[in-house]
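K.L.:
Before we start, here is the structure in question, set down as structure tokens.
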Amino acid sequence: MPRRYLVCEPDHFDVRYAINPWMSQDAPVDTGLARRQWEGLVRAYREHGHTVETVRPEPDLPDMVFAANAALVVEGRVFGSYFHAPQRRPESVAYETWFKAAGYDVYRPESVCEGEGDLVAAGRFILAGTGFRTTPEAHREAQEFFGVPVIGLQLVDPYFYHLDTALFALDDTNIAYYPGAFSAGSREVLERLYPLAVIATREDAMAFGLNSVSDGRHVFVAPQAAGLMDQLADRGYVPVPVDLSEFHKAGGGIKCCTQEIRS
Ligand code: ARG
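According to my numbering, the residues represented by the sequence shown are 1 to 263, in order.
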């Protein structure tokens, strides 16, 4: 099934503040390389039949390239964002403007919520992370808004500050995740819901392997997560390596750069 993705060109992408453990001024971003890597992602999506649309990047919003954080869209309903970090708050309006021009109403959450960064649409459920950014109050708002059961999951490791750094949906019935990113109770929830999940190592998670995008068959995945790529292939998925190493310096990868518009 072809997917519709919204992305933001990395014109102003940089690391200019530190709001997660990956961000440090000591490792400057190679902006030329970042641009080429990002174009490689868009090319990979298009080569696999997906539609890619872009939102105009704004100066002074160096993290705006991380389109996933702006919203969660399910069945054409747009649940917008309210960022934890004041530096990122203006991004919500920029994306809201794009959605409105595209014909969508946008719900503005009252509590901190970072879109698909913490809300993962997974078939019958929405899996929802909390602990560093998105709040349990926002989980309740999302459940009320979508009418879909929202499963709250507690993140415990600051390197995996967004749910989409620790887990992704392979299709409507299965996921891949790194158990060490979750509290004991949340691990048990995931084991009950997904006994057949792909379990990733810490090494593959630290390589942003779980910040992947799956169309149900192809998995756009960081090539640094070699073990995970093998596991996916063993399960019948087709790993499509896309290297976004420059974006890892900001704590982001493939999924962070991608907003899926589910109609
Ligand atoms: N620097 C950004 C932040 O810390 C990275 C966001 C990554 N996005 C994601 N969906 N995990 O907010």
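Beta carbons are placed, not taken as given, at the ideal position from N, Cα and C, and that holds for glycine.
1. Using the Cα positions of arginine 133 and valine 52, report the straight-line distance between them to the nearest angstrom.
2. Count the CB pairs spanning the segment 11-28 and the segment 102-122 that are closer than 8 Å, and state whether there are at least three.
3. Check this for me: beta carbons of aspartate 215 and glycine 40, under 9 Å apart or not?
4. Pick out whichever of Phe66, Gly227, Leu232 has its Cα sitting closest to the Cα of alanine 250.
5. Among Arg35, Arg235, Ser92, whose alpha-carbon lies nearest the alpha-carbon of leucine 61?
6. According to DSSP, which residues form a beta bridge with histidine 218?
7. Taking methionine 64 as the reference, which of Ile175, His48, Leu72, Cys8 has the closest Cα?
8. How far does the alpha helix (DSSP H) with glutamine 37 in it extend, from its first residue to its last?
9. Please report how far the alpha carbon of alanine 197 lies from the alpha carbon of isoleucine 126, in whole angstroms.
10. One question on the structure: do leucine 205 and alanine 181 come within less than 9 Å of each other, judged by their Cβ atoms?
11. Excluding the five sequence neighbours on either side, which residues of its own chain have a C-beta within less than 7 Å of the C-beta of alanine 44, listed in chain order?
12. By Cβ distance below 6 Å, which residues in the same chain neighbour arginine 108 in space, the five residues on each side in sequence not counted?
13. Look up leucine 155 in the DSSP assignment and give the residues it is bridged to.
14. Given a cut-off of 9 Å, decide if phenylalanine 146 and valine 74 are closer than it, judged by their beta-carbon atoms.
15. Report yes if the C-beta distance between proline 2 and histidine 50 is below 9 Å; otherwise report no.
16. The beta strand (DSSP E) spanning arginine 202 covers which residue range?
17. According to DSSP, is leucine 196 helix, strand or coil?
18. Over the uninterrupted beta strand (DSSP E) stretch that includes glutamate 53, give me the two end residues.
19. Where are the alpha helix (DSSP H) runs, 4 residues long or more, that stay fully inside the segment 69-109, in chain order?
20. Closer than 8 Å by C-beta to valine 29: which residues in its own chain qualify, once you throw out the five before and the five after it? Chain order, please.
21. If you compare alpha carbons, which of Cys256, Phe160, Pro10 is closest to leucine 33?
22. Return the CA-CA distance between threonine 173 and asparagine 211, expressed in angstroms with no decimal places.
23. Quick one: Cα of aspartate 26 to Cα of tyrosine 17, how far?
24. What is the DSSP secondary structure of phenylalanine 168, reduced to helix, strand or coil?
25. Going by DSSP in three states, arginine 187 sits in which element: helix, strand or coil?
26. Would you kindly check if the distance between the Cβ of alanine 122 and the Cβ of isoleucine 175 is under 9 Å?
27. Taking 8 Å as the cut-off, does the CB of histidine 162 come closer than this to any heavy atom belonging to the ligand ARG?
P.N.:
According to the data block:
1. One-based indexing of the sequence shown puts residue 133 at position 133. One-based indexing of the sequence shown puts residue 52 at position 52. When rounded, the distance between both Cα atoms is 27 Å.
2. Touching, no, given that fewer than three Cβ pairs across the two stretches are closer than 8 Å.
3. Locating residue 215 in the sequence shown gives position 215, where the first residue counts as 1. Locating residue 40 in the sequence shown gives position 40, where the first residue counts as 1. The answer is no: Cβ separation not under 9 Å.
4. Locating residue 250 in the sequence shown gives position 250, counting from the first residue. Measuring from the Cα of alanine 250, the nearest candidate turns out to be Phe66.
5. Sequence index remark: in the sequence shown, residue 61 carries index 61 (1-based). It is Ser92.
6. Residue 218 sits at position 218 when you count from the first residue of the sequence shown. Answer by DSSP bridge pairing, in chain order: Val238.
7. Here residue 64 refers to the residue found at position 64 of the sequence shown. Out of Ile175, His48, Leu72, Cys8, Cys8 has the C-alpha closest to the C-alpha of methionine 64.
8. For the purposes of this step, residue 37 is taken as residue 37 along the sequence shown, with counting starting at 1. Looking at the DSSP string, the run of the alpha helix (DSSP H) that includes glutamine 37 is 31-47.
9. Within the sequence shown, numbered from 1, the residue matching residue 197 stands at position 197. Within the sequence shown, numbered from 1, the residue matching residue 126 stands at position 126. Isoleucine 126 has its alpha-carbon roughly 16 Å from the corresponding atom of alanine 197.
10. Working through the sequence shown from its first residue, we reach residue 205 at position 205. Working through the sequence shown from its first residue, we reach residue 181 at position 181. According to the sequence displayed, residue 205 carries alanine and not leucine. With contacts defined as CB atoms closer than 9 Å, alanine 205 and alanine 181 qualify as a contacting pair.
11. Residue numbering aside, residue 44 sits at position 44 when the sequence shown is read from its first letter. Its chain contains Phe220, Val240, Val242 as the residues whose beta carbon lies nearer than 7 Å to that of alanine 44, once the 5 sequence neighbours on both sides are disregarded; these appear in chain order.
12. For this step, residue 108 is matched to residue 108 along the sequence shown. Correct list, in chain order: Gly80.
13. One-based indexing of the sequence shown puts residue 155 at position 155. In DSSP, leucine 155 forms a bridge with Phe182.
14. Your numbering for residue 74 matches position 74 in the sequence shown. Your numbering for residue 146 matches position 146 in the sequence shown. In this structure, phenylalanine 146 lies closer than 9 Å to valine 74 by Cβ.
15. As a first step, residue 2 is located in the sequence shown; it is residue number 2 there, counting from the start. As a first step, residue 50 is located in the sequence shown; it is residue number 50 there, counting from the start. Here proline 2 is near histidine 50, since their CB atoms are less than 9 Å apart.
16. Looking up residue 202 in the sequence shown gives position 202. According to the DSSP assignment, arginine 202 belongs to no beta strand (DSSP E) but to the alpha helix (DSSP H) extending over 202-206.
17. On the sequence shown, position 196 is the one that residue 196 refers to. In this structure, leucine 196 counts as coil in the three-state DSSP scheme.
18. Locating residue 53 in the sequence shown gives position 53, counting from the first residue. Note, glutamate 53: beta strand (DSSP E), 51-55.
19. The qualifying runs are 90-101.
20. For this step, residue 29 is matched to residue 29 along the sequence shown. Counting only Cβ-Cβ distances below 8 Å, and skipping sequence neighbours, we find Phe13, Asp14, Val15, Glu246, Lys249, Ala250.
21. Numbered from 1 along the sequence shown, position 33 holds the residue referred to as residue 33. The shortest Cα separation from leucine 33 among Cys256, Phe160, Pro10 belongs to Pro10.
22. Translated into the one-based positions of the sequence shown, residue 173 becomes position 173. Translated into the one-based positions of the sequence shown, residue 211 becomes position 211. Cα to Cα, threonine 173 sits roughly 18 Å from asparagine 211.
23. Locating residue 26 in the sequence shown gives position 26, counting from the first residue. Locating residue 17 in the sequence shown gives position 17, counting from the first residue. Inter-residue distance for aspartate 26 and tyrosine 17 is about 12 Å (C-alpha atoms, whole angstroms).
24. In the sequence shown, residue 168 corresponds to position 168, counting from 1. DSSP, read as helix, strand or coil, puts phenylalanine 168 in strand.
25. For the purposes of this step, residue 187 is taken as residue 187 along the sequence shown, with counting starting at 1. Helix.
26. As a working mapping, residue 175 is identified with position 175 in the sequence shown. As a working mapping, residue 122 is identified with position 122 in the sequence shown. A contact, by the Cβ cut-off of 9 Å.
27. Residue numbering aside, residue 162 sits at position 162 when the sequence shown is read from its first letter. Histidine 162 Cβ: within cutoff of the ligand ARG.
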